Amino acid sequence: MQPIVARPWGAYIAGGCVAALVLVFVMIGLAILAVALAVATVCLTACTIALRSMWRQYLKEK
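Here's what the structure looks like:
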């Protein structure tokens, strides 16, 4: 008969919960980064279109 081995099941469960929380925070961070990148892209596109229009108008007046 083998002796009963005590395993730290509470530590395993706590470690899994901590890992899940870290994963959630990383995913939220990546989502925020994606939104910031999308907003920056839209702003850059709008500025480029506006500057192109201003440049064309400037060339017509010249």
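One rule links them: number in my numbering = place in the sequence shown (from 1) + 478.
C-beta: ideal position from N, C-alpha, C; glycine also.
As the structure is a prediction and not an experimental result, all values here were calculated from the model.
Between the CA atoms of residue j and residue i - distance to the nearest angstrom
i	j	result
Trp533	Cys525	12 Å
Leu499	Thr523	36 Å
Met505	Leu511	10 Å
Gly493	Phe503	15 Å
Val513	Leu537	36 Å
Ala509	Leu515	10 Å
Met479	Gly507	51 Å
Arg485	Ala518	51 Å
Val483	Tyr490	15 Å
Of the listed residues the options, nearest to residue i (C-alpha basis)
i	options	result
Trp541	Cys495, Pro481 and Gln480	Shown here, the chain extends from 479 to 540; a query on residue 541 therefore has no answer.
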